[in-house]
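Asks:
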Amino acid sequence: MRSFLDKDALVVDLEHKTNTQFWTGVGFSLLSLGILGCAAARNWTKWKEWRQRRQSQQASNAASSIADSQIEAEDEDVGEVPDGQLCVICLMRRRRSAFIPCGHLVCCHLCCISIEQSTLPKCPVCRQEIRTAMRIYDS
1 MRSFLDKDAL
11 VVDLEHKTNT
21 QFWTGVGFSL
31 LSLGILGCAA
41 ARNWTKWKEW
51 RQRRQSQQAS
61 NAASSIADSQ
71 IEAEDEDVGE
81 VPDGQLCVIC
91 LMRRRRSAFI
101 PCGHLVCCHL
111 CCISIEQSTL
121 PKCPVCRQEI
131 RTAMRIYDS
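When we follow full-length UniProt numbering, the leftmost residue of the sequence shown carries the number 1, and every step to the right adds one.
Structure (C-alpha coordinates):
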(Lines of atoms letter the chains of each structure in order from A and count residues from 1; the text may use other names and numbers.)
(Lines give C-alpha, C1' and ligand atoms only; values in the text may rest on other atoms or scores of the structure.)
Protein backbone atom coordinates (compact mmCIF):
# COMPACT_ATOMS: atom_id res chain seq x y z
CA MET A 1 0.00 0.00 0.00
CA ARG A 2 2.82 2.36 0.83
CA SER A 3 4.41 2.08 -2.63
CA PHE A 4 1.08 3.00 -4.24
CA LEU A 5 0.87 6.27 -2.25
CA ASP A 6 4.45 7.04 -3.10
CA LYS A 7 3.65 6.46 -6.74
CA ASP A 8 0.61 8.78 -6.56
CA ALA A 9 2.69 11.45 -4.84
CA LEU A 10 5.35 11.11 -7.53
CA VAL A 11 2.75 11.44 -10.31
CA VAL A 12 1.24 14.57 -8.71
CA ASP A 13 4.71 16.07 -8.21
CA LEU A 14 5.64 15.25 -11.81
CA GLU A 15 2.40 16.81 -13.11
CA HIS A 16 3.06 19.95 -11.09
CA LYS A 17 6.63 20.26 -12.39
CA THR A 18 5.54 19.59 -15.97
CA ASN A 19 2.77 22.18 -15.72
CA THR A 20 5.20 24.74 -14.25
CA GLN A 21 7.74 24.13 -17.01
CA PHE A 22 5.06 24.39 -19.71
CA TRP A 23 3.76 27.76 -18.49
CA THR A 24 7.30 29.06 -17.94
CA GLY A 25 8.06 28.15 -21.57
CA VAL A 26 4.91 29.93 -22.74
CA GLY A 27 5.88 33.03 -20.72
CA PHE A 28 9.42 33.13 -22.12
CA SER A 29 8.06 32.61 -25.65
CA LEU A 30 5.71 35.57 -25.26
CA LEU A 31 8.52 37.70 -23.83
CA SER A 32 10.82 36.85 -26.74
CA LEU A 33 8.03 37.62 -29.24
CA GLY A 34 7.52 41.02 -27.57
CA ILE A 35 11.23 41.83 -27.75
CA LEU A 36 11.37 40.69 -31.38
CA GLY A 37 8.32 42.84 -32.21
CA CYS A 38 9.89 45.92 -30.59
CA ALA A 39 13.14 45.39 -32.50
CA ALA A 40 11.25 44.93 -35.78
CA ALA A 41 9.20 48.10 -35.19
CA ARG A 42 12.33 50.11 -34.36
CA ASN A 43 14.14 48.88 -37.46
CA TRP A 44 11.07 49.61 -39.59
CA THR A 45 10.92 53.23 -38.42
CA LYS A 46 14.67 53.68 -38.91
CA TRP A 47 14.37 52.28 -42.44
CA LYS A 48 11.46 54.61 -43.25
CA GLU A 49 13.42 57.63 -41.95
CA TRP A 50 16.49 56.58 -43.96
CA ARG A 51 14.37 56.14 -47.11
CA GLN A 52 12.73 59.56 -46.62
CA ARG A 53 16.13 61.24 -46.08
CA ARG A 54 17.52 59.53 -49.18
CA GLN A 55 14.55 60.59 -51.33
CA SER A 56 14.75 64.20 -50.15
CA GLN A 57 18.50 64.22 -50.72
CA GLN A 58 18.05 62.86 -54.25
CA ALA A 59 15.38 65.47 -54.95
CA SER A 60 17.57 68.28 -53.64
CA ASN A 61 20.54 66.98 -55.65
CA ALA A 62 18.42 66.93 -58.80
CA ALA A 63 17.07 70.41 -58.09
CA SER A 64 20.53 71.76 -57.29
CA SER A 65 22.01 70.31 -60.49
CA ILE A 66 19.28 72.02 -62.53
CA ALA A 67 19.77 75.25 -60.58
CA ASP A 68 23.55 74.99 -60.98
CA SER A 69 23.27 74.72 -64.75
CA GLN A 70 20.90 77.73 -64.83
CA ILE A 71 23.15 79.76 -62.54
CA GLU A 72 26.27 78.94 -64.51
CA ALA A 73 24.50 80.07 -67.67
CA GLU A 74 23.43 83.33 -65.97
CA ASP A 75 26.84 83.94 -64.41
CA GLU A 76 28.62 83.56 -67.74
CA ASP A 77 26.76 86.62 -69.03
CA VAL A 78 27.75 88.81 -66.08
CA GLY A 79 31.40 89.34 -66.95
CA GLU A 80 33.21 91.68 -64.54
CA VAL A 81 31.66 91.81 -61.04
CA PRO A 82 32.35 94.88 -58.87
CA ASP A 83 34.15 94.18 -55.57
CA GLY A 84 31.16 95.26 -53.47
CA GLN A 85 28.95 92.62 -55.08
CA LEU A 86 31.27 89.61 -54.81
CA CYS A 87 30.24 86.54 -52.84
CA VAL A 88 31.98 86.63 -49.44
CA ILE A 89 32.59 82.88 -49.54
CA CYS A 90 33.99 82.08 -53.00
CA LEU A 91 34.87 85.66 -54.10
CA MET A 92 34.11 84.73 -57.71
CA ARG A 93 30.41 85.23 -58.41
CA ARG A 94 27.84 87.96 -57.79
CA ARG A 95 25.80 87.96 -54.56
CA ARG A 96 22.39 86.50 -55.35
CA SER A 97 20.96 84.92 -52.16
CA ALA A 98 19.62 86.43 -48.93
CA PHE A 99 19.25 84.39 -45.77
CA ILE A 100 16.00 84.28 -43.81
CA PRO A 101 15.43 85.55 -41.03
CA CYS A 102 18.55 87.78 -40.83
CA GLY A 103 18.23 89.11 -44.42
CA HIS A 104 21.95 89.32 -45.22
CA LEU A 105 22.73 89.32 -48.95
CA VAL A 106 26.27 87.96 -48.84
CA CYS A 107 26.77 85.00 -51.16
CA CYS A 108 26.10 83.51 -54.57
CA HIS A 109 23.48 80.85 -55.12
CA LEU A 110 25.94 77.93 -55.24
CA CYS A 111 27.53 78.87 -51.92
CA CYS A 112 24.06 79.44 -50.47
CA ILE A 113 23.03 75.91 -51.43
CA SER A 114 26.13 74.45 -49.79
CA ILE A 115 25.42 76.43 -46.59
CA GLU A 116 21.76 75.34 -46.55
CA GLN A 117 22.72 71.67 -46.91
CA SER A 118 25.06 71.75 -43.91
CA THR A 119 23.90 70.18 -40.65
CA LEU A 120 23.54 73.51 -38.80
CA PRO A 121 23.14 76.25 -41.43
CA LYS A 122 24.26 79.66 -40.16
CA CYS A 123 24.63 83.04 -41.81
CA PRO A 124 28.33 83.70 -42.59
CA VAL A 125 28.01 87.31 -41.35
CA CYS A 126 26.01 87.16 -38.11
CA ARG A 127 26.20 83.39 -37.37
CA GLN A 128 22.43 83.32 -36.80
CA GLU A 129 20.67 80.06 -37.67
CA ILE A 130 18.96 80.29 -41.04
CA ARG A 131 15.66 78.68 -41.93
CA THR A 132 15.89 79.18 -45.67
CA ALA A 133 17.37 81.43 -48.32
CA MET A 134 15.79 83.57 -51.00
CA ARG A 135 17.15 84.23 -54.46
CA ILE A 136 17.48 87.97 -55.18
CA TYR A 137 17.21 89.24 -58.76
CA ASP A 138 18.79 92.56 -59.71
CA SER A 139 16.82 94.82 -61.98
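Cβ atoms here follow ideal geometry from the backbone N, Cα and C, with glycine treated the same way.
These numbers come from a predicted model, not from an experiment.
Taking the straight line between their C-alpha atoms, what separation do you get for L60 and R131?
Replies: The residue you call residue 60 lines up with position 60 of the sequence shown. The residue you call residue 131 lines up with position 131 of the sequence shown. According to the sequence displayed, residue 60 carries Ser and not Leu. Answer to the nearest angstrom: the Cα atoms are 16 Å apart.
Asks: Counting Cβ pairs, one atom from each stretch, are 3 or more of them under 8 Å apart for the region 105–112 and the region 84–94?
Replies: The region 105–112 vs the region 84–94: in contact.
Asks: Go ahead and pull the three-state DSSP assignment for I89.
Replies: Counting from one through the sequence shown, the residue named residue 89 turns up at place 89. Coil, per DSSP.
Asks: Please report the straight-line C-alpha distance between P121 and Q128, rounded to a whole angstrom.
Replies: As a working note, residue 121 is residue 121 in the sequence shown. As a working note, residue 128 is residue 128 in the sequence shown. Using only the alpha carbons, I get a separation of about 8 Å.
Asks: Taking 7 Å as the limit between beta carbons, can you name the residues of its chain near I89, skipping five residues before and five after?
Replies: Position 89 of the sequence shown holds residue 89. Hits under 7 Å: C107, C111 and P124.
Asks: Any idea which residues DSSP pairs L105 with across the strands?
Replies: In the sequence shown, the residue the question calls residue 105 occupies position 105. For L105, which the question treats as bridged, DSSP gives the partners A98.
Asks: Round the Cβ separation of M134 and I100 to the nearest angstrom and send it over; I've been treating them as touching at under 8 Å.
Replies: By one-based count along the sequence shown, residue 134 stands at place 134. By one-based count along the sequence shown, residue 100 stands at place 100. The pair is a contact, with the Cβ atoms about 6 Å apart (cut-off 8 Å).
Asks: Keeping to the same chain, check which residues put their C-beta closer than 6 Å to that of A98; ignore five residues upstream and five downstream.
Replies: Your numbering for residue 98 matches position 98 in the sequence shown. Result list for A98: L105, M134 and I136, in chain order.
Asks: Could you tell me how far apart the beta carbons of C102 and C126 are, in whole angstroms, since I believe they sit closer than 8 Å?
Replies: Here residue 102 refers to the residue found at position 102 of the sequence shown. Here residue 126 refers to the residue found at position 126 of the sequence shown. The pair is a contact, with the Cβ atoms about 5 Å apart (cut-off 8 Å).
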